[in-house]
Structures are given as structure tokens and as C-alpha cells.
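Q:
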Amino acid sequence: MRSLLPILVILAPASYGQQGRGTILGSVTDATGAAIVGANVSIVNAGTGATFNTQSLADGFYTAPGLAVGRYSITVEQAGFKKAVRAGVALEVDQRARVDFRLEIGAVTESLEVIGEASLVDTSTATVGKVVENRRLSDLPLNGRNTFALVIMTPGVRSNAGPTASGFADRGIELSSVSINGGPSALNSYLIDGGTNNHAYFADINSNPTVDAVEEFKVQSNTMSAEYGFTAGGVVNVVTKSGTNTPHGNLYEFLRNDKFDARNTFAVTRPTFRYNQFGGTLGGPLYVPKVYDGRNRTFFFFNYEEWRYVRNVNPILSVPTPEQREGDFSRLRDSAGRLIPIYDPATTRANPSGAGFVRDLFAGNVIPKNRLDPVSLNLMPFYPLPNRQPTDPFTNANNYIGNNKENRTMQQYTPKLEHRISAKNAIFGRYIYYAHATDGGAGGGDLPDPVVRQRFDNLETRNFILSDTHTFTPRLLNEFRLSIARHHFPFVAAHYGGNWPRKLGLPESVPNTTMPRPVNGLPGFRTGTSGVRGTLTWQFFEMATYIRGSHTMKYGSDVRLQRGNNFQETQPSGTYQFPASLTGNPQSPAGTGSAVATFLLGAVGSAAADTYLGQAQHGYSFSFFVQD
Numbered sequence: 008m009r010s011l012l013p014i015l016v017i018l019a020p021a022s023y024g025q026q027g028r029g030t031i032l033g034s035v036t037d038a039t040g041a042a043i044v045g046a047n048v049s050i051v052n053a054g055t056g057a058t059f060n061t062q063s064l065a066d067g068f069y070t071a072p073g074l075a076v077g078r079y080s081i082t083v084e085q086a087g088f089k090k091a092v093r094a095g096v097a098l099e100v101d102q103r104a105r106v107d108f109r110l111e112i113g114a115v116t117e118s119l120e121v122i123g124e125a126s127l128v129d130t131s132t133a134t135v136g137k138v139v140e141n142r143r144l145s146d147l148p149l150n151g152r153n154t155f156a157l158v159i160m161t162p163g164v165r166s167n168a169g170p171t172a173s174g175f176a177d178r179g180i181e182l183s184s185v186s187i188n189g190g191p192s193a194l195n196s197y198l199i200d201g202g203t204n205n206h207a208y209f210a211d212i213n214s215n216p217t218v219d220a221v222e223e224f225k226v227q228s229n230t231m232s233a234e235y236g237f238t239a240g241g242v243v244n245v246v247t248k249s250g251t252n253t254p255h256g257n258l259y260e261f262l263r264n265d266k267f268d269a270r271n272t273f274a275v276t277r278p279t280f281r282y283n284q285f286g287g288t289l290g291g292p293l294y295v296p297k298v299y300d301g302r303n304r305t306f307f308f309f310n311y312e313e314w315r316y317v318r319n320v321n322p323i324l325s326v327p328t329p330e331q332r333e334g335d336f337s338r339l340r341d342s343a344g345r346l347i348p349i350y351d352p353a354t355t356r357a358n359p360s361g362a363g364f365v366r367d368l369f370a371g372n373v374i375p376k377n378r379l380d381p382v383s384l385n386l387m388p389f390y391p392l393p394n395r396q397p398t399d400p401f402t403n404a405n406n407y408i409g410n411n412k413e414n415r416t417m418q419q420y421t422p423k424l425e426h427r428i429s430a431k432n433a434i435f436g437r438y439i440y441y442a443h444a445t446d447g448g449a450g451g452g453d454l455p456d457p458v459v460r461q462r463f464d465n466l467e468t469r470n471f472i473l474s475d476t477h478t479f480t481p482r483l484l485n486e487f488r489l490s491i492a493r494h495h496f497p498f499v500a501a502h503y504g505g506n507w508p509r510k511l512g513l514p515e516s517v518p519n520t521t522m523p524r525p526v527n528g529l530p531g532f533r534t535g536t537s538g539v540r541g542t543l544t545w546q547f548f549e550m551a552t553y554i555r556g557s558h559t560m561k562y563g564s565d566v567r568l569q570r571g572n573n574f575q576e577t578q579p580s581g582t583y584q585f586p587a588s589l590t591g592n593p594q595s596p597a598g599t600g601s602a603v604a605t606f607l608l609g610a611v612g613s614a615a616a617d618t619y620l621g622q623a624q625h626g627y628s629f630s631f632f633v634q635d
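Written out as C-alpha cells, the structure is:
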């Protein structure tokens, strides 16, 4: 699959914010409101000391595009006027924050300083969006502590998956199923620090950054700046944390434990539940005593997080009695206590006295031992014996309670390094690695034997970005980004490759790959789906921003190379149907026959085996944009 996107030219309301960044702009006037031309404007990042210098233009306006998210101090100086300082200016992702200055006559050595943290209103873009900052990410109750679970806090965002435990959204499927301002579900663009974070095969999230690694995120919709593409709905724009001149870090753990839970009134014990989510962060200047002092120049940030999850579930099932396992259905009753007769399918013949067919009953409702199918007898041990009083003494319903265990583990780390090469050139690199492993023990099936219950999922995702921002002049800025999003997801049923068809006695014609799946009225085996999915996206993005008078022009390109593979097998050794009708009365089937009896006889009603050839796709897209 190859695609070529046409050139995109947009004339839209001015929007100077860059992906993962923001813009500070405003006017410089005197006490009468007249524009002051050539005033020196210095914008300093309070955390890193990074400085952007510019001047007010003929109309008195200044613009500072491509600034990192954070807090800033702005100083304005002009001969004949007092120096003006505005501190505590908070800049959010994709924000066009306006800060105006009215200078008073006086000496430059005099100054008027304003310190405040009031929210700055973006009044000059048509983009609709909501910023969720780290304080809310950290403070709000969030089961699983997944950043993207809070996307639905934004007005206009609707989840199409319903409530989910965010920590367990293994591949981002549930969290990606959102509609933004009525747009299509799961067709949104996800960015981390300006780089793509979309799965190349599906339309869902590739990597889930941890809460403690995220500075803030913004959900954007409506008329967005031209560089935002690859979406039929909205954009979720995430910015990760950075190091500052002040070292900072934290350690944390969030836990849930059955020791803190009350026992269910009808349960004998509390089921095991252990959930530990722990980690830490560290950030600051890169400093090596007597070797390198990176204050105001080189900064690092690192986050590590891990969670471990163990739970037991207690499914209540209906399983065959010891007598039924040997073919004795003499006590098989319906809920009214009536005997359910079992007929011999081998005696099926045309009705000599009318239409249809007839069969003979098994004597005493017992199948002779020499008629029991050896493959079915080999499968029967995977079904547990009854261990509790049934809820219905006639049908023996709900005569077993299980105690199945599931294990999950997750590790994730996020290193980030930023360096100011000069006052005009800055680079940064960031990497996210995520690994999630589960045996699917409590969620894949109800039977106790792990061979027919578990599937081992080992998901790995990676997200990398390298960005270079160069300020040639206060009016010309260029940013280049290389980003990579990779997804690797092998999933293997516990019985895959275990030679089970031969062990059970199935013929050579049955592929010797997975456990065969009987459909016989008993609790089902775990699906035999096994395989691997993998995707890879390379993104090359470059954008130049040029300011001329009242115009802020953008020129750029977004080139993406994508690959997606999906190789999987679903029940390659077959699904076998054992309908109760094959041991029922053909003339009057109601209240007769048993799927378990049909299974013990090996009377297959139908069978199917899937063959999957796999998919390998690759595509290229070349996008160009111009905006004024």
C-alpha cells in the first residue's frame, strides 16, 4: 500500500504554536497607547535559563514562537522608559499566550516588575482545546494511572469503549476509542513532544507515557494550525517533563491489596489481589564535578515505573459428574426432575412409518464403554471434577468453583536529554520504552488447567524523538524532528506447539499446532490464537516560521514511512461442534439429548480449521503545508 498526500495550503486564523511548544506575543506601547518600535524584549525560561531575544516591530508587536512549555520571565527595555518585567508567565502546549506591556516614562535603570500566575487567554486562534497539566494528572483518582485515560475530561470528547481500568488497557485499544467533537472513533492523532505516537497498523495509541513523565497534554480540535494532520477527529498533544537548573525527583508507590478489602458476604475467603505500581523520577542539570557544568545549558530527566499485578478469580461452573465422564447419564435430569433421554446416533435410520428419522435409546441411558471416543476421554481431564453442592440438584448446575491466578508485569522508562548548543540552537532527544507481559490466567478462560486457559502476551512499544531548533534571527526559526514509533506484540497460547493433536489421538490430517477446541456445552478452552503483530513508523518533520510585520508564515513538510505486519493463527487445529441434537430424538427433540454425551461419543456435527496467510503492509506519505 502506497499513498501520496497532496500539498496542503491553509489560510486560517493565525496560530503560531508549534507541535509540543507554544508562542508568547504581545504589544509594547507608551502611556497613551502609541506603539513603541524597537523595544528590546527578552524572554527567559525560569527553569533552564534559555533566552529568546527579539524586538517590537513597527506596529509595536513582538512574537516569540517555538518556546518550550514552562514558566517564563519577560523583560522589555527601551531608552527613555522604565524597564518592565513580567515574571511567572505560564506557557502551555500549543498556546499563543499574549502578554502586553505599557511602558512608563523614566530611566532604564528604573523598573516596574509584575509577578503573577494568572492564566493567559488565547484570543487569536480558532483552535478548541483543553490543557490537562501534571498537577491534575497526579492528583485525580486514576485507576492504573494512565495519562490517556484523562482525555475524556475534555469537553467534546466521548469514550466509545465505556469505563475501562486504564492500567489494563494493554495495547491502547480502549483508550484510543474516543470521539473528539463528533469525529470518527479511534481516528485521532496522538503526539508526544511533537512526534507521532500512533500505531501504524491500527489507529490506536502506540505508547502510554507514565503520569510522572508527562508535563501536560492538550486535546485539540476544530481549526488547527497547518502542521497538524493525520487526523479525522482531533489531536492529543502530550509534552514530557524536562530537567531544570534545580535538581528534582520523587519516589512513589500506589498499591491495592486484598488485605484492605472486605470479604464478600457469600464468599468463604477474600480472593487474592495484589497491585503494586511504583517508580521514581530524577531531573536537573547535567553536572560532573570538575568535568562539566551543564547549568543553563544541558539538562536531563529520567523516569522509571513498574507495576506488578496478581489476582485470583473464582468462577462458578457446571462440569460433568464422575458418572457422566464414564458415559452414565442415568441421573441426567432437567430442572423439573424429568429424565433427559440419550439416543444412539449410530442407529439413525429413516422412519419406517412416516417422515424423518428415528434412533434407538441407550439402555438405561448409559453409553457402553466401548463406544466412548478415546480423543474425548483424553480431553475430559481438562474439565475439573465437581467440588461444591450444585445450585440445582436435578441439573447439577454450578457444581464447581475455581481459584484461577493471573500475573501481569509492566516496566517503563523514559530518559530525556536537552542541550543548548548556542543561544540560537537547541536540541533534545527523548526515548520511551514500555514492556507489558501477562499470562492471561484469570481473563482468558474459566478452566483451571493453564494449558487450556492461558495465553502469554508480551507487548513492547518504543517511542523516540530527536529535535533540533535553530533561531536564525528573531524573525526566522526552523525546527527539524526525527521520530520513531515501534510496536511489537507476540502472543502465544499456552498449548501452542505442544503436540496436542497427536497426544490426544487426532489423525495426521489435523494440523499439529494447537489444542483442538471442542464446543460441547462445557466451559470453553482458551482460544488457540497465536502470532505476532508489529508496526514501525519513521517520521521526518521540518517547519520554518518566518515573521514579517503582522504576518507569521509557516512552511513545512511531514514525511512518514510506515510498516505493519500481522501474522497470526486462530484455531489452526480446528473447532469441533458437538450438538445435543445428535443424541436427541429426531422425531421429538425437545428435552432429549446432551452435548456432553455427543462429545463422549465423538460424534462431530461440524468442524472448521482456520488458515491465515498474514499481512505485510508498507506505505509512504509526503505532506507539505504553507500557512499565513
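Residue numbers (this note's numbering): 8 to 635. Cβ atoms here follow ideal geometry from the backbone N, Cα and C, with glycine treated the same way. Predicted model, so just to flag it, every value in this text is computed and none were measured.
Does DSSP classify GLU84 as helix, strand or coil?
A: Taking the first residue of the sequence shown as position 1, residue 84 is located at position 77. Note: GLU84 maps to strand in three-state DSSP.
Q: What residues match up with VAL566 in a beta bridge as DSSP calls it?
A: Reading the sequence shown from its first residue, position 559 is the one you call residue 566. DSSP output for VAL566 lists PHE547, PHE629 as bridge partner(s).
Q: At 3 residues or longer, and completely inside the segment 33 to 107: list those beta strand (DSSP E) runs for me, N to C.
A: The qualifying runs are 47 to 52, 58 to 62, 68 to 75, 77 to 84, 90 to 98, 103 to 105.
Q: Between the segment 76 to 96 and the segment 340 to 350, can you find at least three pairs of beta-carbon atoms closer than 8 angstroms?
A: No: the two stretches stay apart, fewer than three of their Cβ pairs being nearer than 8 angstroms.
Q: If you count every other CB in all the chains shown that lies within 10 Å of the CB of VAL326, and 16 or more means buried, which is it?
A: Within the sequence shown, the letter at position 319 stands for residue 326. It counts as buried.
Q: For THR480 and THR70, I'd like the C-alpha separation in whole angstroms.
A: Residue numbering aside, residue 480 sits at position 473 when the sequence shown is read from its first letter. Residue numbering aside, residue 70 sits at position 63 when the sequence shown is read from its first letter. Roughly 12 angstroms separates the two Cα atoms.
Q: So for ILE428, helix, strand or coil by DSSP?
A: Here residue 428 is taken as the residue at index 421 of the sequence shown, counted from 1. The answer is strand: DSSP assigns ILE428 an E or B state.
Q: Assuming THR154 and PRO216 form a contact by the criterion Cβ under 8 angstroms, report the distance between their Cβ atoms to the nearest whole angstrom.
A: As a position in the sequence shown, residue 154 is number 147, starting the count at 1. As a position in the sequence shown, residue 216 is number 209, starting the count at 1. Between PRO216 and THR154 the Cβ distance is about 6 angstroms, and since that is below 8 angstroms, they are a contact.
Q: For GLN624, which three-state DSSP category applies?
A: For the purposes of this step, residue 624 is taken as the residue at position 617 of the sequence shown. If DSSP states are grouped into helix, strand and coil, GLN624 belongs with the strands.
Q: Per DSSP, which residues does ARG281 bridge with? Please list them.
A: By 1-based counting over the sequence shown, the position of residue 281 is 274. DSSP output for ARG281 lists ASN264, VAL317 as bridge partner(s).
Q: Quick one, which of ASN432, GLU333, GLY528 has its alpha-carbon nearest ASN377's?
A: Residue numbering aside, residue 377 sits at position 370 when the sequence shown is read from its first letter. With distances taken between Cα atoms, ASN377 lies closest to GLU333.
Q: In or out: ILE81 buried (at least 16 other Cβ within 10 Å) or exposed?
A: Counting from one through the sequence shown, the residue named residue 81 turns up at place 74. Buried, since its Cβ has 16 or more Cβ neighbours within 10 Å.
Q: At the level of alpha carbons, what is the spacing between VAL633 and GLY240?
A: Locating residue 633 in the sequence shown gives position 626, where the first residue counts as 1. Locating residue 240 in the sequence shown gives position 233, where the first residue counts as 1. Those two C-alpha atoms are separated by around 21 angstroms.
Q: Am I right that GLY256 and GLY286 are in contact with their C-beta atoms under 8 angstroms? What's the rounded C-beta distance?
A: For the purposes of this step, residue 256 is taken as residue 249 along the sequence shown, with counting starting at 1. For the purposes of this step, residue 286 is taken as residue 279 along the sequence shown, with counting starting at 1. 11 angstroms between Cβ atoms; not a contact.
Q: When the Cα atoms are used, what is the spatial distance from ALA172 to VAL459?
A: Taking the first residue of the sequence shown as position 1, residue 172 is located at position 165. Taking the first residue of the sequence shown as position 1, residue 459 is located at position 452. With a pLDDT of 47 at ALA172, under the threshold of 50, the predicted position of this residue should be treated as unreliable, though the coordinate-derived value follows. If I take the Cα positions, the gap works out to 26 angstroms.
Q: Of all the beta strand (DSSP E) runs that stay within the bounds of the segment 316 to 387, which reach a length of 3 or more residues?
A: Segments of the beta strand (DSSP E) lying fully in the segment 316 to 387: 350 to 357, 364 to 368.
Q: Three-state secondary structure (DSSP) at MET417?
A: By 1-based counting over the sequence shown, the position of residue 417 is 410. In the structure shown, MET417 sits in a strand (DSSP, three-state: E or B).
Q: Judging by CA-CA distance, which residue of PRO352, ALA65, LYS510, ASN372 is the nearest neighbour of ARG366?
A: In the sequence shown, counting from the first residue as 1, residue 366 sits at position 359. Selected option, being the one with the closest Cα: PRO352.
Q: Can you tell me which of the three DSSP states ARG482 falls into?
A: Residue numbering aside, residue 482 sits at position 475 when the sequence shown is read from its first letter. If DSSP states are grouped into helix, strand and coil, ARG482 belongs with coil.
Q: For VAL48, which residues from the same chain have a beta carbon less than 6 angstroms from its beta carbon, with the 5 sequence-adjacent residues on both sides left out?
A: Against the sequence shown, residue 48 aligns to sequence position 41. Here the set comprises THR61, TYR69, VAL83.
Q: Less than 8 angstroms separating the beta-carbons of ALA587 and GLY531?
A: Working through the sequence shown from its first residue, we reach residue 587 at position 580. Working through the sequence shown from its first residue, we reach residue 531 at position 524. No, the pair does not count as a contact, with Cβ atoms beyond the cut-off.
Q: List the endpoints of the continuous beta strand (DSSP E) containing ASN244.
A: Here residue 244 is taken as the residue at index 237 of the sequence shown, counted from 1. Residues 242 to 247.
Q: From ARG152 to VAL242, what distance separates their C-alpha atoms?
A: Taking the sequence shown and counting its residues from 1, one reaches residue 152 at position 145. Taking the sequence shown and counting its residues from 1, one reaches residue 242 at position 235. Taking the straight line from one Cα to the other gives about 21 angstroms.
Q: In whole angstroms, what separates the C-alpha of LEU98 from that of ALA193?
A: Reading the sequence shown from its first residue, position 91 is the one you call residue 98. Reading the sequence shown from its first residue, position 186 is the one you call residue 193. Distance between the alpha carbons of LEU98 and ALA193: 29 angstroms.
Q: Looking only at its own chain, which residues have a Cβ that is under 7 angstroms from the Cβ of ARG277, when we skip the five neighbours before and after it?
A: As a first step, residue 277 must be located in the sequence shown, where it is residue number 270. Excluding sequence neighbours, ARG277 sits near ASP265, ASP268, ARG270.
Q: Report buried or exposed for ALA623, applying the criterion of at least 16 other Cβ atoms within 10 angstroms of its Cβ.
A: Indexing the sequence shown from 1 puts residue 623 at position 616. The residue is exposed, with fewer than 16 neighbouring Cβ atoms inside 10 Å.
Q: Given ILE187, which residues of its chain have a CB within under 7 angstroms of its CB, disregarding the five upstream and five downstream residues?
A: Indexing the sequence shown from 1 puts residue 187 at position 180. Excluding positions up to five away in sequence, the list reads GLY163, VAL164, ASN195, VAL226, SER228, GLY240, GLY241.
Q: At the level of alpha carbons, what is the spacing between ASN372 and ARG415?
A: What you label residue 372 is simply residue 365 of the sequence shown in a count that begins at 1. What you label residue 415 is simply residue 408 of the sequence shown in a count that begins at 1. Using only the alpha carbons, I get a separation of about 46 angstroms.
Q: By the DSSP assignment, the alpha helix (DSSP H) with ALA614 in it spans what residues?
A: Reading the sequence shown from its first residue, position 607 is the one you call residue 614. Note, ALA614: premise wrong, no alpha helix (DSSP H); beta strand (DSSP E) at 613 to 615.
Q: Pull up the distance between the alpha-carbon of VAL295 and that of PHE308, whole angstroms please.
A: Residue numbering aside, residue 295 sits at position 288 when the sequence shown is read from its first letter. Residue numbering aside, residue 308 sits at position 301 when the sequence shown is read from its first letter. Answer to the nearest angstrom: the Cα atoms are 15 angstroms apart.
Q: Quick one: residues in its chain with C-beta nearer than 6 angstroms to the C-beta of ASN303, no 5 flanking neighbours on either side, listed in chain order?
A: Walking along the sequence shown from the start, residue 303 turns up at place 296. If we look at ASN303 and ignore the five residues flanking it on each side, its Cβ neighbours are GLY56.
Q: For SER7 and ILE199, I'd like the C-alpha separation in whole angstroms.
A: Missing from the structure shown is residue 7; the chain here goes from 8 to 635 and no further.
Q: How many angstroms separate the CA atom of ASP177 from the CA atom of ASN465?
A: Sequence index remark: in the sequence shown, residue 177 carries index 170 (1-based). Sequence index remark: in the sequence shown, residue 465 carries index 458 (1-based). Note that ASP177 scores 48 on pLDDT, short of 50, meaning its location in the model is unreliable; the coordinates nonetheless yield the value given after this. One C-alpha to the other measures close to 10 angstroms.
Q: Can GLU312 and LYS561 be called in contact, C-beta distance under 8 angstroms?
A: Taking the first residue of the sequence shown as position 1, residue 312 is located at position 305. Taking the first residue of the sequence shown as position 1, residue 561 is located at position 554. It is not a contact, given that the beta carbons lie outside the stated cut-off.
Q: Secondary structure at ASN229, three-state DSSP: helix, strand or coil?
A: By one-based count along the sequence shown, residue 229 stands at place 222. Here ASN229 sits in strand by DSSP.
Q: Since PHE585 and PRO525 are thought to touch, with beta carbons under 8 angstroms apart, how far apart are those beta carbons, to the nearest angstrom?
A: For the purposes of this step, residue 585 is taken as the residue at position 578 of the sequence shown. For the purposes of this step, residue 525 is taken as the residue at position 518 of the sequence shown. About 6 angstroms separates the two Cβ atoms, so the contact holds.
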